[in-house]
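See structure below.
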Amino acid sequence: MNEAEIKKRTQETANKLFGKGIKADPPYKTWREFDKELANDLSKFITGNLYSRTVLTLPERQMITVAVLAALQAGEELRLHVNAALNVGCDPKKLAEIFFQIGTYAGMPAVNKALAIYREVLQERGEWPIE
28 MNEAEIKKRT
38 QETANKLFGK
48 GIKADPPYKT
58 WREFDKELAN
68 DLSKFITGNL
78 YSRTVLTLPE
88 RQMITVAVLA
98 ALQAGEELRL
108 HVNAALNVGC
118 DPKKLAEIFF
128 QIGTYAGMPA
138 VNKALAIYRE
148 VLQERGEWPI
158 E
């Protein structure tokens with residue numbers, strides 16, 4: 028795949044994931060402030076290559092991503108990826124279930140933090156409460 032095709036895939040995938048919902052700056056913007064070239068390389072790898080693979084669907088990738096970020100208590104990234112998960116069609120009730128599931132392995136503080144962030148994202152999107 029040539030550079031133009033990777034750039035196009037990167038933009039298309041980023042738009043699917045982050046094109047609507049909450050207004051938050053993606054980490055990419057911070058990366059660019061420090062190293063524009065490296066930021067572009069990271070973005071092309073993560074969004075253009077990894078997230079564009081078809082072994083897993085975007086909703087499956089996002090469910091995995093939010094589970095890991097919740098377990099790590101990575102709040103800001105979780106906020107961004109919960110929104111992305113909703114953007115690509117993840118079932119809101121399944122996302123809540125994922126957050127409860129991590130309690131066994133990451134503890135209830137991780138569950139509580141994830142659910143609080145999730146509720147905030149849903150409120151910002153006008154999708155709270157979950158039906």
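The sequence shown lines up with residues 28 to 158 when you count with our numbering.
Glycine included, every Cβ here is placed at the ideal spot set by N, Cα and C.
Note that the coordinates shown come from a computational prediction; the quantities given were computed from them, not determined experimentally.
My output table needs one value for residue i: the three-state DSSP class, helix, strand or coil.
i      : result
Asp62  : coil
Val148 : helix
Ala137 : helix
Asn29  : coil
Arg88  : helix
Ile49  : coil
Val95  : helix
Glu39  : helix
Leu83  : coil
Ile73  : helix
Pro54  : helix
Gly130 : helix
Between residue i and residue j, what straight-line distance do the alpha-carbon atoms span, to the nearest angstrom?
i      : j      : result
Thr81  : Glu158 : 30 Å
Gly116 : Asn139 : 23 Å
Glu73  : Ala123 : Before going on, a small fix: residue 73 reads as Ile here, not Glu. Cα-Cα distance, rounded: 25 Å.
Ile144 : Arg59  : 26 Å
Ile129 : Ile91  : 11 Å
Asn110 : Lys71  : 20 Å
Val148 : Val93  : 13 Å
Give a yes or no on whether the C-beta atoms belonging to residue i and residue j are separated by under 8 Å.
i      : j      : result
Lys43  : Leu85  : yes
Leu105 : Leu96  : yes
Ile49  : Glu151 : yes
Tyr132 : Ala101 : no
Cβ of residue i within 7 Å of any heavy atom in the ligand SAH?
i     : result
Glu64 : Annotation note on the ligand SAH: not contained in the displayed structure, which lists no ligands.
**OP:** Identify every run of the alpha helix (DSSP H) within the stretch 99 to 128, keeping only runs that are complete inside it and at least 4 residues long; order them along the chain.
**Re:** 102 to 114, 119 to 128
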